[in-house]
């Protein structure tokens with residue numbers, strides 16, 4: 014699977030919808046295609062598609078290619094998912110294999 | 026010999042296995058014999074507020090500005106803005122260095138409340154940022170301050186340790202000289218045991234409070250593969266950065282001047298063959314009220330008169346008090362102050378610790394650039410620290426002054442009880458000229474005596490001189506040395522007037538004898554005169570007598586003649602034999 018910088022728009026198919034309020038902006042920082050990176054993207058997609066299928070925007074940033082971007086979001090650990098919107102900012106580090114924690118981190122517990 | 030020495034310091038010799046990156050920090054390169062190990066990580070650890078960050082920052086700033094080694098600073102605790110602000114007081118312009126691409130500041134911030142650990146991860150993000158920073162300015166030096174903050178933000182300790190080990194290895198592979206700071210832990214050098222990973226060089230900073238006075242100290246705990254100073258070295262932080270003063274490794278190689286400077290008291294100058302040497306250390310000691318401050322004011326006055334600047338550190342009196350007091354003995358210090366040749370710095374000794382005093386003296390000396398420094402008195406400094414610390418401080422201060430060719434006048438108040446010939450902080454051995462003032466008690470009064478206890482390189486006078494504080498300043502009097510010993514004050518005056526009386530009496534006696542002789546001579550002359558007149562009289566009489574005799578003889582002859590004539594008649598009848606027969 015190609016996980017180079019790309020934007021996944023889950024809501025592309027839903028054309029009639031108003032711009033959904035509570036839109037979630039996610040950025041996944043990885044450092045090359047390591048097993049952890051691959052796992053993280055797979056886990057994130059799965060969770061997002063399941064819990065907020067039409068409300069999220071995901072951008073994948075490979076720091077090996079764009080190292081200068083690490084500074085802005087204060088990336089130390091990889092993989093890291095940064096949720097800038099809606100506030101509060103959250104950073105999920107790790108390969109996102111602990112779904113429970115990801116849900117807590119993305120504030121999706123109530124969405125269920 | 027010289028070659029071997031240069032080898033040692035440039036570290037290019039065959040024997041040297043460790044190349045060193047000079048820190049440029051005053052004194053630190055001397056202790057480490059060249060700097061931190063090049064291309065390897067060095068750990069600077071110590072408790073909060075002991076100067077870890079500043080030392081690390083100075084290492085980078087000096088590297089960037091003096092050794093052309095750009096540096097990367099990763100701050101885990103403070104933002105670049107805060108850092109820039111904090112070190113500006115030390116004279117470091119980080120903005121300018123960043124602008125010149127010699128310094129790269131980056132803030133690594135981990136906010137635990139934002140974090141959620143959701144699985145396996147590593148710190149590749151940090152490595153990438155570091156690598157990017159190093160590459161972007163071609164950095165040779167890296168500082169991580171304080172990497173232990175990661176332990177607060179991330180919970181997987183085992184992973185962190187593994188990653189740190191990897192990080193230090195990575196830094197070595199990159200060939201950068203790294204400085205890692207770490208907070209001191211309980212019983213360990215750092216809280217997270219960073220010293221286990223950094224095995225090449227560990228420097229421990231300490232900020233100790235002894236008797237309510239704090240002193241910063243530095244010690245090299247380990248420095249693999251090289252010799253280094255092993256003592257604890259005091260250091261201070263001032264506006265020029267860190268100043269480590271390696272007391273025990275100070276070299277005694279200051280220039281010594283042959284120039285003499287005046288003490289301000291002409292008689293004292295002559296006792297010292299023309300004054301004290303420039304750049305030497307003069308100690309004026311004595312008990313209370315012996316005129317120590319007055320004498321030091323004369324020094325200041327003399328210095329200002331030659332147009333040289335003098336810095337006067339007063340620990341006991343306020344400047345206005347000193348001005349007033351000295352004016353009363355005819356020394357106008359205010360005049361020199363106005364001309365900018367004299368500066369008073371007054372502070373209570375307990376205001377700061379010894380390090381603080383040393384720092385402030387350094388600062389004042391750098392700012393004012395005096396050629397004479399007066400500390401009045403140094404004995405108060407022992408109230409601030411221990412005697413040993415005070416001595417160490419004085420040694421460092423004197424050394425600092427000597428390298429700058431500044432003459433130091435130190436005033437020491439002797440306590441009543443102790444031996445006169447020692448100072449409270451035991452610095453007599455490092456003094457060049459020691460002027461000792463003392464009371465001489467006799468005849469119900471105290472008088473001031475002065476003598477030169479020691480004067481290196483001078484055939485000084487060994488006399489005890491009485492000195493007087495007059496309206497026109499200090500005057501030295503030759504002490505009366507007579508059959509009754511050294512006399513001062515009224516006793517001297519009494520003795521002198523006695524002597525005067527005796528000499529008057531002697532003179533009168535001589536006059537009297539002279540007059541007597543005159544009288545006798547005159548008497549004899551008179552006698553001679555009367556004798557002479559007697560003689561004359563006698564001669565006269567003789568002449569008269571002789572005249573009468575002659576006259577009488579004449580008369581006699583005449584008488585006889587007359588007789589004869591009268592008898593002739595008779596004689597004519599009996600003229601011859603018949604005449605007698607007739608009778």
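Chains as they are written, first to last, in our numbering: chain A, 14 to 125; chain B, 26 to 608. Glycine residues also receive a C-beta, built at the ideal position from the N, C-alpha and C atoms.
(1) My guess is that residue 316(B) and residue 473(B) are in contact by the Cβ rule of under 8 Å, so how many angstroms apart are they, rounded?
(2) Which term fits residue 600(B), buried or exposed, when burial requires 16 or more other beta carbons within 10 angstroms of its beta carbon?
(3) On the CB-based measure, 16 or more other CB atoms within 10 Å of its CB, does residue 497(B) come out buried or exposed?
(4) Hey, residue 106(A) and residue 90(A) are a contact pair by Cβ (cut 8 Å); roughly how many whole angstroms apart?
(5) Output, in chain order, the set of chain A residues within a Cβ distance shorter than 8 Å of residue 147(B).
(6) Beta carbon of residue 366(B), beta carbon of residue 334(B): below 8 Å?
(7) Can we say the stretch 44-56 of chain B touches the stretch 176-190 of chain B, given the rule of at least three CB pairs closer than 8 Å?
(8) Measuring only between beta-carbons, confirm whether residue 93(B) sits less than 8 Å from chain A.
(9) What residues from chain B crowd round residue 117(A), counting only those whose CB sits closer than 7 Å?
(10) If you count every other CB in all the chains shown that lies within 10 Å of the CB of residue 580(B), and 16 or more means buried, which is it?
(11) Buried or exposed: residue 80(B), going by 16 or more other Cβ atoms within 10 Å of its Cβ?
(12) Please name the residue in 344(B), 130(B), 526(B) and 492(B) whose C-alpha comes closest to that of residue 370(B).
(13) Using a C-beta to C-beta distance shorter than 7 Å, which residues of chain B count as neighbours of residue 111(A)?
(14) Evaluate contact between the stretch 151-162 of chain B and the stretch 77-85 of chain A, counting only Cβ atoms and requiring at least three cross-stretch pairs below 8 Å.
(15) Can you give, in chain order, each stretch of the beta strand (DSSP E) that sits fully within the stretch 71-101 of chain B and has at least 3 residues?
(16) Go ahead and pull the three-state DSSP assignment for residue 66(A).
(17) When you check each C-beta in the stretch 185-216 of chain B against every C-beta of chain A, which residues fall closer than 7 Å?
(18) Just list the residues that DSSP pairs residue 51(B) with in beta bridges.
(19) Alpha carbon to alpha carbon, what distance is there between residue 175(B) and residue 54(A)?
(20) Taking only runs that begin and end inside the stretch 554-589 of chain B, name each unbroken beta strand (DSSP E) of 3 or more residues, in chain order.
(21) Does the beta-carbon of residue 49(A) have 16 or more other beta-carbons within 10 angstroms, so that it is buried, or is it exposed?
(22) Can you tell me whether residue 44(A) is helix, strand or coil according to DSSP?
(23) Where do the N-terminal and C-terminal ends of the beta strand (DSSP E) with residue 502(B) fall, by residue?
(24) Among 90(B), 426(B) and 436(B), whose alpha-carbon lies nearest the alpha-carbon of residue 323(B)?
(25) Using a beta-carbon distance below 8 Å, is residue 151(B) in contact with chain A?
(26) So with CB distances below 9 Å, who are the chain A contacts of residue 157(B)?
(27) Closer than 8 Å, CB to CB, is residue 131(B) near chain A or not?
(28) Check for me: the beta strand (DSSP E) holding residue 257(B) runs from which residue to which?
(29) Just grab the DSSP bridge partners of residue 248(B) for me.
(30) Taking buried to mean at least 16 other C-beta atoms within 10 Å of its own C-beta, is residue 283(B) buried or exposed?
(31) Give me the Cα-Cα distance between residue 244(B) and residue 57(B), rounded to the nearest whole angstrom.
(32) For the stretch 60-69 of chain B and the stretch 216-233 of chain B, state whether three or more C-beta atom pairs, one from each stretch, are separated by less than 8 Å.
(33) Anyone know if the C-beta pair for residue 409(B) and residue 379(B) falls short of 8 Å?
(34) Could you please give me the residues that DSSP links to residue 232(B) through a beta bridge?
(35) I want to see whether chain E comes within less than 8 Å of residue 219(B), judged by CB atoms only; does it?
(36) Span of the alpha helix (DSSP H) holding residue 324(B)?
Based on what the coordinates show:
(1) 6 Å
(2) A caution first: residue 600(B) carries a pLDDT of 49, below 50, which makes its placement in the model too unreliable to give a value.
(3) exposed
(4) 4 Å
(5) 49, 90 and 91
(6) yes
(7) no
(8) no
(9) 141
(10) exposed
(11) buried
(12) 344(B)
(13) 143 and 144
(14) yes
(15) 96-100
(16) coil
(17) none
(18) 268(B)
(19) 25 Å
(20) none
(21) buried
(22) coil
(23) 498-502
(24) 436(B)
(25) yes
(26) 76, 80, 81, 83 and 84
(27) yes
(28) 257-263
(29) 226(B)
(30) exposed
(31) 10 Å
(32) yes
(33) yes
(34) 241(B)
(35) No chain E is present in this structure, whose protein chains are A and B.
(36) 317-330
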